[in-house]
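Contents: one structure, followed by commentary.
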Amino acid sequence: MLSKLFAKTPLAWRQLTKQKTRFLVAIAGITFADLLMFVQLAFQEALYDSAIKPLRSLQGDLVLINPQFQTLFSVKSFSRERLYQSLAYQGVASVNPVYIGTAQWRNPETRIERAILVWGVEPAQPTFTFNEVNQNLDQLKILNNVLYDQAGRPEYGEIAQSWHKSGTLETEINGKTISVKGLFTLGASFAADGNVITSDSTFLSIFPERQKDRIEVGLITLKPGANLEATQAQLEAGLPDDVQVLTVEEFAQVEKAYWESGTPIGFIFGMGVVMGFIVGIVIVYQILYSDVSDHLPEYATLKAMGYSDGYLIMTLMQEALLLAVLGYIPGFILSMGLYQLTYAATMLPIVMTTSRAINVFILTVVMCFVSGLIAMRKLQSADPADIF
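With the first letter of the sequence shown counted as 1, position 133 gets the number 133 in UniProt numbering; the numbers rise by one all the way through.
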């Protein structure tokens, strides 16, 4: 099979490289199309990963939320009483209320304020899976102490550098003086440029209008050996309809669904991938069509010599495959560089993944083959009678 595909006479390669300028333009066009697909897919994946990372980091087996909850950007609260009611159910070991709100962080150097996501937790028990947070929970027992997300946007100030120098740092949140007593790493997202974790008492002092008995998330930890699905079903059936019981991963998927279908962002990135695919098809088609048109008498001669349409079509598909591979390689390399630049500029978790590399390569091959199939109609019109 391979011997038929790659014949001893590299006709496809000779055809492509006969006009080197056209060949290089084709490679550049495919590289651009691949680059566009790589960047759009990376932004889309980074959007989803950054949005759900905080939720996946919550420490618990089940989560209570308001049924109208859509995103951390505009979180909905519910009665804390519902969380404590779940303690009456068999299999529930402990509960943990979480407050979430968006506040104004003041850059200690420039004094410019910027929105930041604030998490209010009970310092007596772990809320997140981050060791950096859990090791500093005692610091949060003191009023107005906070832990700062060192992976947040640089516009918040050089917080991490200052903290490493002195071990503490003071600034303001919503006009309230607070002290940074530790660092953790979570990262920016499309919903929040940074994060702060503090105690529930400090949270309520930062947000004086908030009611203590209204929380945004309730974490439920089950007893060892308790059945997760059965306990979830019991809670769903027994608790009032003003709360929803989800697993941590289901909770994360609620956030992802909001950005995927509740906003135009997911559609825009998906459209960018489609546009890159179409651009690639047009470019490759123009190259292959021009190649067939320029060499139509030669193809007719080959037909007169007894070569079948199948052989000529195979040659055209070889050209398409060569263009796909040679255009993909520089597109892949350039994308790695763009990912690094984008991460440095936005702090979004943009990295090359194996699945994305494979998917874009498959799209590139399909793109080139589709172009070859369209150009094939011109090739089939090669008539041996035309050369006489």
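We treat Cβ as the ideally placed atom computed from N, Cα and C, and that holds for glycine.
Residue nearest to residue i in terms of C-alpha spacing, selected from the options
| i | options | result |
| --- | --- | --- |
| T231 | P208, V63, L41 and A12 | V63 |
| L326 | G29, L11 and Q19 | G29 |
| Q318 | T342, G331, V284 and V273 | V284 |
| F184 | G152, A191 and P97 | G152 |
| L16 | T221, L288 and Y258 | L288 |
| E113 | S74, Q68, Q40 and P154 | P154 |
| A324 | L312, C368 and G238 | C368 |
| A115 | V121, P123, E122 and R106 | R106 |
| K256 | F73, F23 and P10 | F73 |
| A103 | N195, S79 and F32 | N195 |
| residue 427 | Q68, P126, M376 and A252 | Residue 427 falls outside the range modelled here, since the chain spans only 1 to 388, and no answer is possible. |
| F23 | M314, M336, S290 and W163 | S290 |
| Y99 | L219, E250, E132 and V25 | L219 |
| V365 | G280, Y311, G337 and M336 | G280 |
| I52 | V254, S261, F361 and D213 | V254 |
| D213 | L41, V360 and S77 | S77 |
Where residue i falls, given that 16 or more other Cβ within 10 Å makes a residue buried
| i | result |
| --- | --- |
| L87 | exposed |
| S189 | buried |
| V274 | exposed |
| L143 | exposed |
| M271 | exposed |
| G120 | buried |
| A192 | buried |
| I358 | exposed |
| Q161 | exposed |
| M376 | buried |
| S166 | exposed |
| L341 | exposed |
| T315 | buried |
| K181 | buried |
beta-carbon residue i near the ligand PLP non-hydrogen atom, thresh 8 Å
| i | result |
| --- | --- |
| G331 | Summarising the ligand content, the structure contains no ligands, and the ligand PLP is consequently not present. |
In DSSP terms, what residue i is bridged to
| i | result |
| --- | --- |
| P97 | G218 |
| I281 | DSSP output for I281 lists no bridge partner at all. |
| V370 | None; V370 has no bridge partner. |
| S199 | V121 |
| Y148 | L183 and V196 |
| E113 | R106 |
| K176 | I173 |
| T247 | L62 |
| V351 | In DSSP, V351 forms no bridge with anything. |
Nearest-angstrom Cα separation, counted from residue j out to residue i
| i | j | result |
| --- | --- | --- |
| M305 | A12 | 18 Å |
| R14 | F332 | 25 Å |
| A320 | G372 | 6 Å |
| N227 | A233 | 10 Å |
| D149 | L186 | 6 Å |
| S293 | V282 | 16 Å |
| V39 | I329 | 15 Å |
| F277 | D34 | 8 Å |
| L147 | P349 | 21 Å |
| I197 | R210 | 17 Å |
| E158 | I215 | 31 Å |
| R56 | S201 | 24 Å |
| E236 | V243 | 8 Å |
| G266 | Y343 | 19 Å |
| T31 | Q70 | 38 Å |
| T127 | S179 | 20 Å |
| N66 | S205 | 23 Å |
| E229 | Q286 | 56 Å |
| V133 | Y339 | 29 Å |
| P10 | V248 | 56 Å |
| T263 | G101 | 21 Å |
Beta carbon proximity, residue i to chain B, threshold 9 Å
| i | result |
| --- | --- |
| I313 | You won't find chain B in this structure, because it holds only one protein chain. |
At least 3 beta-carbon pairs within less than 8 Å: the region 77 to 85 vs the region 127 to 143: Verdict: no, contact absent.
Across the region 91 to 101 and the region 156 to 173, are there enough close Cβ pairs to call them in contact, namely three or more that are closer than 8 Å? Touching, no.
Taking 8 Å as the cut-off, does the region 345 to 357 touch the region 37 to 52 (at least 3 CB pairs, one atom from each stretch)? Cβ pair count under 8 Å is three or more, so yes.
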